[in-house]
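Working notes for the structure below.
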Amino acid sequence: MLEGKKVNLRVMERGDLDFATECFNNINYWGEYEPLGAQKSKTERLKALDNPPQVAILCERERFIIERKDKTKIGFMALWLAQPSRMMEIGYSLIPSERGKGYGTEAVQLIVDCLFLSRDIARIQAMTD
């Protein structure tokens with residue numbers, strides 16, 4: 019777990035699938051510029067977690083939950099390491115009610131510091147919704 023002043027980042031677990039399903043099936047979570055995509059049930063998300071799509075197999079991928087200090091889940095962060103370029107991409111999103119409070123900024127600072135200190139990567143690029 020990575021601990022900050024406002025948020026913690028921890029590895030996503032099976033117990034987070036209800037939260038993931040609720041967020042990922044909500045158009046307000048994705049925002050006005052991101053297509054909603056296909057609605058998926060908890061069972062379908064569990065199957066994808068156990069058997070990742072081919073594109074996920076081609077790169078190293080990790081998923082995290084962003085939590086406030088009181089353990090309230092407020093968002094997600096994912097990492098993809100593309101080989102052989104050693105380029106790390108981070109993607110993150112927060113539930114609408116928790117945006118604009120500095121939580122995303124701190125989560126990114128935590129993961130960037132951790133990545134450059136612990137991994138052999140050449141570059142980090144970010145995307146957000």
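Numbering (the numbering used here), first residue to last: 19 to 147.
For each residue, glycine too, the CB sits at the ideal point set by N, CA and C.
Keep in mind the model is a prediction, meaning the values are calculated, not measured.
Tell me whether residue i sits in a helix, a strand or coil according to DSSP, three-state version.
| i | result |
| --- | --- |
| Arg32 | helix |
| Glu124 | helix |
| Asn26 | strand |
| Ala144 | strand |
| Ile108 | strand |
| Ile139 | coil |
| Ile92 | strand |
| Ile113 | coil |
Does the separation of the CB atoms of residue i and residue j fall below 8 Å?
| i | j | result |
| --- | --- | --- |
| Met19 | Arg32 | no |
| Met105 | Leu97 | no |
| Ile113 | Val126 | no |
| Tyr110 | Val25 | no |
*Give a yes or no on contact between the region 110–117 and the region 82–94, applying the rule of three or more CB pairs nearer than 8 Å.*
yes
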